[in-house]
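In my numbering, the protein residues as written are 48 to 438.
Written below as structure tokens is the structure these notes are about.
Following this line, the structure appears as structure tokens:
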């Protein structure tokens, strides 16, 4: 999960971590300003990895939430009250996440939760949140089991299988593909989830999956797998991996004479920066889906990208966009409920109709978002937004 400029954004985020907090927040986010809610405020809790290996994701989500809170509070707040956002650094650790959750609920009296950011700690927190019934939205946790934890647990992002299913439908309906090939990283859950779903959906639609090849993390030579694929001459070649591997696979595929239309998921964002101008032709006319497109002309999205850049001196990415939407989903549900009563807010979330940065959103019976995906093409060495697509 994984927007273009991520390579640049990662470096920038790490350099600007010290700038990410609200002005009144102490440097140590494990010690909030005060405990308990005041009569004129609504406390919303946040859990995110703000330090460690996953901090690039946590910082992006948390920054966007803080920006949203700042804007909402400057515009009358919620139910006549200001939002008080209290966040904790979970360090991408399940134990830290559960301990931080307990602080938010028991000490800080949070009435809602946005978090966690990655799937494993989010699953740990979800099991605890179900016991309290507190409304919870993860902006970016993609594991399917997260929302199956209980009726009060929601997510703002696609699940991994959703993307595989959607791209198989796109290949069939929009591209008229008859034959498909797949290569995926067998050691990566994200890649496996997309690949397996694409394969099963493609077969259901009557497409022939002529090759399904795998590799493992840190592999750099894919010629054996690609030679087998080249011999099958597929119409489309699905590469559901992250942009670093896409750059290697695409170049080697073209060298071996594969002319298929390359397809991918949101892990492709950043591939042009990775592959470089000299090799950009390897991904020419490729198509991938994502949660949003920075090239969209949606005025709300473009304003957010501008505001985020001005506030944090870095580009927003997919995690930022989803964090912003997650906070606004929760706030809309509280407003529609007319209170912070957990059961009432959860019920409003289940039936919400939300228009946000990632499009029009409702939730299915498992509290996963129903929304279109942004299809982006690569043309003449540039990303070009094609359309929002839903099967």
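Where is the CB? At the ideal position from N, CA and C, for every residue including glycine.
To the nearest angstrom, how far is the alpha carbon of residue i from that of residue j?
i	j	result
residue 223	residue 433	17 angstroms
residue 196	residue 293	34 angstroms
residue 122	residue 183	24 angstroms
residue 361	residue 351	12 angstroms
residue 259	residue 301	18 angstroms
residue 189	residue 356	26 angstroms
residue 419	residue 405	8 angstroms
residue 317	residue 132	31 angstroms
residue 417	residue 399	11 angstroms
residue 344	residue 107	22 angstroms
residue 390	residue 430	43 angstroms
residue 139	residue 280	42 angstroms
residue 217	residue 415	20 angstroms
residue 340	residue 319	15 angstroms
residue 346	residue 384	28 angstroms
residue 277	residue 246	18 angstroms
residue 437	residue 160	29 angstroms
residue 428	residue 298	14 angstroms
residue 99	residue 136	10 angstroms
residue 231	residue 129	47 angstroms
residue 271	residue 235	20 angstroms
residue 105	residue 273	36 angstroms
residue 336	residue 181	32 angstroms
What are the boundary residues of the beta strand (DSSP E) that includes residue i?
i	result
residue 254	Counting along the chain, residue 254 falls outside any beta strand (DSSP E), and DSSP gives it neither H nor E.
residue 389	Run containing residue 389: none in the beta strand (DSSP E); it sits in the alpha helix (DSSP H), 389 to 397.
residue 301	Run containing residue 301: none in the beta strand (DSSP E); it sits in the alpha helix (DSSP H), 290 to 302.
residue 423	420 to 426
residue 434	429 to 436
residue 227	226 to 232
residue 129	129 to 136
residue 267	Element bounds for residue 267: n/a, residue is neither H nor E.
residue 283	283 to 285
residue 159	159 to 161
residue 409	406 to 410
residue 95	88 to 95
residue 370	That residue, residue 370, is in no beta strand (DSSP E); its alpha helix (DSSP H) goes 365 to 384.
residue 195	Residue 195 -> no beta strand (DSSP E), and no H or E assigned at all.
residue 337	334 to 337
residue 403	401 to 403
According to the neighbour-count rule (16 or more other Cβ atoms, all chains shown, within 10 Å of its Cβ), is residue i buried or exposed?
i	result
residue 242	buried
residue 149	exposed
residue 233	exposed
residue 425	buried
residue 86	exposed
residue 324	exposed
residue 109	buried
residue 220	exposed
residue 126	exposed
residue 251	exposed
residue 147	buried
residue 265	exposed
residue 304	exposed
residue 423	buried
residue 267	exposed
residue 238	buried
residue 163	buried
residue 102	buried
residue 313	buried
residue 253	exposed
residue 185	buried
Using 9 angstroms as the limit for Cβ to Cβ distance, is residue i near chain D?
i	result
residue 285	Absent from the structure is chain D; it holds one protein chain and no more.
If I follow the unbroken alpha helix (DSSP H) through residue i, where does it start and stop?
i	result
residue 183	Where residue 183 is concerned, there is no enclosing alpha helix (DSSP H), although the beta strand (DSSP E) it sits in stretches over 183 to 185.
residue 166	166 to 179
residue 110	102 to 120
residue 273	270 to 277
residue 308	First-last for residue 308: 308 to 311, but that is the beta strand (DSSP E), not the alpha helix (DSSP H).
residue 211	207 to 220
residue 355	346 to 359
residue 141	141 to 149
residue 320	318 to 322
Using a threshold of 9 angstroms, state whether the C-beta atoms of residue i and residue j are closer than that.
i	j	result
residue 401	residue 392	no
residue 413	residue 165	no
residue 373	residue 144	no
residue 134	residue 94	yes
residue 215	residue 187	no
residue 205	residue 396	no
residue 291	residue 321	yes
residue 152	residue 120	no
residue 421	residue 410	no
residue 285	residue 228	yes
Segment contact flag, the segment 170 to 182 with the segment 203 to 221, C-beta cutoff 8 angstroms, min 3 pairs: Not touching, per the Cβ criterion.
Meets three-Cβ-pair contact criterion under 8 angstroms: the segment 297 to 310 and the segment 327 to 338: By the Cβ test, the segment 297 to 310 is in contact with the segment 327 to 338, since at least three Cβ pairs between them sit closer than 8 angstroms.
At least 3 beta-carbon pairs within less than 8 angstroms: the segment 153 to 160 vs the segment 85 to 102: yes
The segment 110 to 117 in contact with the segment 364 to 371 per 3-pair CB rule at 8 angstroms: Contact between the segment 110 to 117 and the segment 364 to 371 is present, because at least three Cβ pairs lie under 8 angstroms.
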